Amino acid sequence: MEDNIPARRLDLPLSSGFPDLDYVLRGESGEGRALCRNSFTVYMGPTGCAKSELATLFLLAPAANTSVLNRTGKRESASRRSLLVTFRDDWASVETILRGPIGRYLGIKSVKKAQETLTLLQLPVGFVSASDVLAKLQNVFDEYARLGEGFGRIVFDNLAYMELMSPLLRSEPYFIHGLMTLLRQKRVSVLFVTSSMDTVENRVHPTKAYLV
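Following the numbering used here, the numbering of the sequence shown begins with 14 at its first residue and continues without gaps.
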C-alpha cells in the first residue's frame, strides 16, 4: 500500500490562504517553515478560535476571486478542487462561514459558488469501521478521477469529534496510518483540524468523561 508515495515538495510552497501568515511562516530569507505541497498540517485549538474559518480559507484559496489571492490560484492552477471531510458539519456550516468575513475575503459568498471547486464528504458517526471510512474516501477519489479531476487540498474537520463519536476508529490502531498512506498516495495537501480534547468532551457530553 505504501508504494509510489511522493515526498513532500519542499520546493513548492503552499498558501494557507492568508498571505501575511505565509510570509511569517516563510520568513524573510524564504527558508522558514512555510506550508508545502504533499504535506500534512494540523490546526489545533479550543472551540471558538476560528479553526473552521481558517480551514475554509485554506480549501478555497486556489479558487478565490480577489486580487489578494489571485496569485494563489495561478500558482496552483493544476488542481483547484478541494475536499472537506467532516463528521458533524454540512453545507449549512460552510454557508455560515461564507456569509462572514471569510466569504468577503475570498470573494466567494455563496455555497453554490463554493461548490464549483469544493466537495463535501460527511462521514457517519457511531460504530463505523476504519475500512468503511477509507472506502468512502477512495470512492470520492475514484468518482472525480473518472471525470478527469483530482483534489489538490483536503481538510478533515474535526479529528477530535471523529475519535469521540466513532469509537471503532479510536480503537483501531492502524486507522490513522492507513488514512495518511492513502492521502499521500493521492498526492494531496492535507489539513487536519482538531479541538482541545477537554473542550470537545464537554461538547459531546457535558456531565460525563469518556476519554481514557
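The beta-carbon is built from N, C-alpha and C at its ideal position, and this holds for glycine as well.
The model shown is predicted, which means the values in this text are computed figures rather than measured ones.
The DSSP assignment places 53-58, 95-99 as complete runs of the beta strand (DSSP E) inside the stretch 48-123, in order along the chain (cut-off: 3 residues). The beta-carbon distance between L25 and L38, rounded to whole angstroms, is 14 Å. This is too long to meet the 8 Å contact definition. By the Cβ test, the stretch 137-152 is not in contact with the stretch 109-118, since fewer than three Cβ pairs between them sit closer than 8 Å. In the DSSP assignment, F205 forms a beta bridge with V55, F169.
Remark: C-beta atoms of G120 and A77 approach each other more closely than 8 Å. Leaving aside the five residues that flank L82 on each side, the residues in its chain whose CB is nearer than 6 Å to its CB run, in chain order, A74. If you draw a straight line from the Cα of G191 to the Cα of I167, it comes to about 16 Å. Here the alpha carbons of K122 and E185 stand approximately 39 Å from one another.
For T132, the enclosing beta strand (DSSP E) stretches over residues 131-135.
In summary, T69 is buried, with 16 or more beta-carbon neighbours lying within 10 Å of its beta-carbon over all protein chains present.
Close CB contacts of Y157 within its chain, under the 8 Å cut and outside five residues either way in sequence, are with R94, T132, G163, F164 (chain order). Annotation: R101 to G161 spans about 29 Å, alpha carbon to alpha carbon. Residue environment: N152 is assigned as exposed (fewer than 16 neighbouring CB atoms within 10 Å of its CB, all protein chains considered).
When DSSP reads this structure, P186 sits in no beta bridge, so it has no partner. In the structure shown, L25 adopts extended strand secondary structure according to DSSP, grouped into three states.
Cβ neighbours of F31 within its own chain (closer than 7 Å, five residues either side excluded): L70. The continuous stretches of alpha helix (DSSP H) do not include V138, and DSSP gives it neither H nor E.
Shortest Cα-Cα distance from L96 to any of Y174, E176, D170, I189 involves D170. The three-state secondary structure of F164, taken from DSSP, is coil. In this chain, the alpha helix (DSSP H) harbouring R39 covers 32-39.
One Cα belongs to S106, the other to T79, and the distance between them is close to 22 Å. In summary, K199 is buried, with 16 or more beta-carbon neighbours lying within 10 Å of its beta-carbon over all protein chains present.
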